[in-house]
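In this note's numbering, the protein residues as written are 6 to 77.
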């Protein structure tokens, strides 16, 4: 493992991951940071906001049991 990648920011690692000569080590460090839950906030978030939609209420239906089975 190349320890110089530990000192890089997230943005620098993202750029290094695009370059063929440094892809493997940069991706390995990105994967390690995701596993431990570390980020330094230098990479722009790529998630999208989705409006919350309330689930539709389902009709309550009675379960049908097999013959000779008692309902608990």
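Backbone N, C-alpha and C fix where the C-beta goes; we use that ideal spot for every residue, glycine too.
Whole-angstrom distance between residue j and residue i, CA atom to CA atom
{"i": "residue 47", "j": "residue 11", "result": "14 Å"}
{"i": "residue 68", "j": "residue 57", "result": "31 Å"}
{"i": "residue 62", "j": "residue 71", "result": "27 Å"}
{"i": "residue 23", "j": "residue 33", "result": "13 Å"}
{"i": "residue 19", "j": "residue 28", "result": "9 Å"}
Residue i burial status per 10 Å Cβ neighbour count (16 or more: buried)
{"i": "residue 31", "result": "buried"}
{"i": "residue 64", "result": "exposed"}
{"i": "residue 59", "result": "exposed"}
| task | State whether the stretch 11-23 contacts the stretch 37-46, with contact taken as three or more CB pairs (one from each stretch) at a distance under 8 Å. | result | Here the stretch 11-23 lies against the stretch 37-46, with 3 or more beta-carbon pairs under 8 Å apart.
| Start-end ranges of the beta strand (DSSP E) lying completely within the stretch 18-42, minimum 3 residues | If we require 3 residues or more, the stretch 18-42 turns out to have no beta strand (DSSP E) run fully inside it.
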